[in-house]
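In the numbering used here, the protein residues as written are 1 to 277.
Here it is as structure tokens:
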């Protein structure tokens, strides 16, 4: 998950009116440029360079005592580290914001803790975030998705399903296809965990349809893995076909970890189910 999943705020600089805008001081200009370039790199998936640019922005904002800019770029940096799979580095980036635990800081902290299998700590972070998001807030759908992930990790399938369905309801009126796919995937996983494999299959299919439209190889491969798991539970003869699709997508996209998981699952299917390559 953009994990969050969560969307990076892109800095947009615009001027208006007939009077020229006064030039920004050099160090502020350098900080804004580093932040803007980091956002562009992040959107393109160039996470290594984005990390360096956000680190630079943090340093410059801190040097001019701009607490807001410093805190904002720590969040950018944490999101980027999570996208790179560096959960410990994300927590380190967020440590500087510990004195002002906003909803975004708490959610990113929980995402990193979940990635590190620190379930109890993640639950505490999510509870704190929920306390600040008690009334409808922009992060409520994403918060529900994280709470669904945490509940699923803790073996609480009914609670996971409730949070995922609440997130989906909030997302239906918006234009957030990525998060909507995440919600369907979590619904499918929760139903599977609750032994409702028949109900899980259409939800997984809905996630796959969205991820195909978004052209996201990693999520497409994970969707096929999930579909394979569901089909195996119901005794579907097309189980191996799903695992083969996951393996083919993962290999084509260079996703070694998912490819290994798909190959293991494919090897565990009955020989008579194995699909031709």
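From the three backbone atoms N, C-alpha and C, an ideal C-beta is built for every residue, glycine too. Bear in mind the structure is a predicted one, so any value in this text is a computation, not a measurement.
Please report the straight-line C-alpha distance between residue i and residue j, rounded to a whole angstrom.
{"i": "residue 197", "j": "residue 244", "result": "20 Å"}
{"i": "residue 64", "j": "residue 73", "result": "14 Å"}
{"i": "residue 116", "j": "residue 22", "result": "47 Å"}
{"i": "residue 47", "j": "residue 81", "result": "8 Å"}
{"i": "residue 269", "j": "residue 241", "result": "10 Å"}
{"i": "residue 253", "j": "residue 25", "result": "44 Å"}
{"i": "residue 267", "j": "residue 249", "result": "17 Å"}
{"i": "residue 194", "j": "residue 158", "result": "7 Å"}
{"i": "residue 206", "j": "residue 59", "result": "43 Å"}
{"i": "residue 258", "j": "residue 97", "result": "33 Å"}
{"i": "residue 1", "j": "residue 69", "result": "Because the pLDDT at residue 1 is just 47, under 50, the model does not fix this residue reliably, and the point stays unresolved."}
{"i": "residue 88", "j": "residue 106", "result": "15 Å"}
{"i": "residue 228", "j": "residue 152", "result": "19 Å"}
{"i": "residue 234", "j": "residue 156", "result": "21 Å"}
Give a yes or no on whether the C-beta atoms belonging to residue i and residue j are separated by under 8 Å.
{"i": "residue 203", "j": "residue 187", "result": "yes"}
{"i": "residue 121", "j": "residue 132", "result": "no"}
{"i": "residue 143", "j": "residue 129", "result": "yes"}
{"i": "residue 200", "j": "residue 192", "result": "yes"}
{"i": "residue 141", "j": "residue 119", "result": "no"}
{"i": "residue 190", "j": "residue 160", "result": "yes"}
{"i": "residue 126", "j": "residue 147", "result": "yes"}
{"i": "residue 100", "j": "residue 71", "result": "yes"}
Please determine, among the options, the residue with the shortest C-alpha to C-alpha distance to residue i.
{"i": "residue 44", "options": "173, 32, 83 and 60", "result": "83"}
{"i": "residue 93", "options": "150, 109 and 263", "result": "109"}
{"i": "residue 57", "options": "174, 34 and 79", "result": "34"}
Beta-carbon within less than 7 Å of residue i's beta-carbon, same chain only, minus the 5 sequence neighbours each way: which residues are those?
{"i": "residue 55", "result": "77"}
{"i": "residue 219", "result": "181 and 211"}
{"i": "residue 226", "result": "185, 188, 189 and 204"}
{"i": "residue 223", "result": "185, 204, 207, 208 and 211"}
{"i": "residue 247", "result": "259, 262, 263 and 266"}
{"i": "residue 137", "result": "103"}
Contact check, residue i vs residue j under 8 Å by CB: the rounded distance?
{"i": "residue 42", "j": "residue 50", "result": "4 Å"}
{"i": "residue 214", "j": "residue 179", "result": "That pair is no contact at about 11 Å."}
Spatial neighbours of residue i within its chain, please: C-beta separation below 8 Å, excluding the five flanking residues on both sides.
{"i": "residue 66", "result": "28 and 31"}
Keeping to the same chain, check which residues put their C-beta closer than 6 Å to that of residue i; ignore five residues upstream and five downstream.
{"i": "residue 104", "result": "75"}
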